[in-house]
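Data first, discussion second: the structure below is written as structure tokens.
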Ligand code: NAP
Ligand code: ZN
């Protein structure tokens with residue numbers, strides 16, 4: 120992510136009162152209570168009391184330094200919904216008392232070609248909601264496993280529907296990360312689309328691809344998830360360990376979205392694509408995924424990646440979900456259960472997103 124550093128003279132030292140949070144102090148430590156500072160809102164800032172925060176597998180990858188980029192302490196969390204408690208004098212989109220949401224980014228340089236195209240996630244200077252250099256206070260940014268956050272209004276999202284806030288929180292990462300590639304590669308009615316892995320991202324991928332009219336197949340390692348997958352929008356479910364069933368599907372898919380968090384054989388899925396079909400990797404395992412180039416060369420197949428989505432597209436996704444009645448299927452937990460939730464993520468035992476009720480954090 121961003122590697123920018125900020126000099127002491129750039130820093131805005133105005134801090135608000137101590138904010139309760141949960142942090143990992145090292146790759147080996149469990150998450151535990153921690154106190155952080157947030158800045159006082161500047162003219163364009165919004166202060167949000169966090170009500171719910173989703174638990175993304177990226178939180179676990181980062182807390183345990185699996186991507187080798189963590190700076191401790193790490194306060195994870197980038198699926199944030201809450202209530203506006205204060206706005207700066209130049210804020211236009213929000214007022215105190217509104218519901219608001221924050222996803223994976225809290226800033227970018229706003230001047231580069233990517234930012235100008237609304238693709239802030241590809242800005243070289245994008246600031247992640249956590250584990251990025253904090254240009255206001257110094258140190259690193261702290262995420263949503265906390266009571267409140269202060270964010271520039273450009274990076275705050277409006278909620279068109281506020282009936283099920285806990286079910287909306289995961290849209291801010293799992294929702295946009297699956298929506299963006301489905302839109303970019305123009306998934307549409309009648310196309311054969313595969314979703315690999317039924318976790319947080321995968322279950323949003325099923326719902327969204329189904330709403331876009333695709334014929335959707337879920338590939339899973341968990342036979343017990345078959346019925347749920349059908350309820351969530353899958354037309355077909357394939358147990359990926361069943362070689363005979365996989366072989367029957369070689370060369371039949373227009374598009375496959377791989378949402379798997381751990382090592383697996385990517386070539387099995389590349390071979391399922393039609394000529395010119397595309398497999399997009401959004402899952403980000405710790406180790407490389409070896410690719411057989413012949414899977415790509417024959418049939419001119421594409422293997423691509425995709426990172427979350429821009430702010431405008433995130434708003435579009437929230438509006439799309441409100442229109443289609445789409446939210447995440449969640450298991451709400453108190454923050455004291457976060458370490459247990461991480462262990463369950465590692466066992467593919469999540470139905471289908473943990474969401475922290477921040478009222479549990481005192
Ligand atoms: P998750 O809820 O833990 O789901 C991961 C799913 O992957 C599991 O439920 C399981 O599904 C499958 N899986 C796990 N281990 C597997 C294995 N060894 N072999 C095959 N399948 C396995 O995770 P998530 O929050 O959805 O995140 C998924 C990945 O996307 C993570 O690596 C995360 O960091 C990454 N991510 C990327 C972006 C981006 O912008 N590109 C954004 C957010 C997250 P089944 O039980 O159905 O097999
Ligand atoms: Zn995430």
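In the working numbering, the protein residues as written are 120 to 481.
Cβ atoms here follow ideal geometry from the backbone N, Cα and C, with glycine treated the same way.
Predicted model, so just to flag it, every value in this text is computed and none were measured.
Close-in-space but distant-in-sequence residues of the same chain around residue 387 (CB under 8 angstroms, 5 per side omitted): Counting only Cβ-Cβ distances below 8 angstroms, and skipping sequence neighbours, we find 359, 365.
Residue 157 burial status per 10 Å Cβ neighbour count (16 or more: buried): buried
Residue 339 Cβ short of 7 angstroms to the ligand NAP heavy atom set: yes
Residue 461 - partner residues in DSSP beta bridges: Bridge partners of residue 461: none, in fact.
Three-state secondary structure (DSSP) of residue 242: Looking at residue 242 - three-state DSSP - the assignment turns out to be coil, as it is neither helix nor strand.
Proximity test, residue 197 beta-carbon vs the ligand ZN heavy atom, cut-off 7 angstroms: Yes, the beta carbon of residue 197 sits closer than 7 angstroms to at least one heavy atom of the ligand ZN.
Below 5 angstroms from a heavy atom of the ligand ZN - residues by beta-carbon: In chain order, the residues with a C-beta atom nearer than 5 angstroms to some heavy atom of the ligand ZN are 175, 177, 292.
6 angstroms Cβ shell around residue 454 - same chain, five flanking residues per side excluded: Answer for residue 454: 141, 475, 479, 480, listed in chain order.
Own chain partners of residue 458 with C-beta closer than 7 angstroms, once the 5 adjacent residues on each side are dropped: 149, 150
Residue 295 (DSSP reduced to helix, strand or coil): helix
Residue closest to residue 435, alpha-carbon to alpha-carbon, out of 325, 229, 290: 290
Start and end residues, alpha helix (DSSP H) containing residue 471: Run containing residue 471: none; DSSP gives neither H nor E here.
Residue 168 versus 178, 433, 200, 195, residue with shortest Cα-Cα distance: 200
Three-state class that DSSP yields for residue 329 in the structure shown: helix
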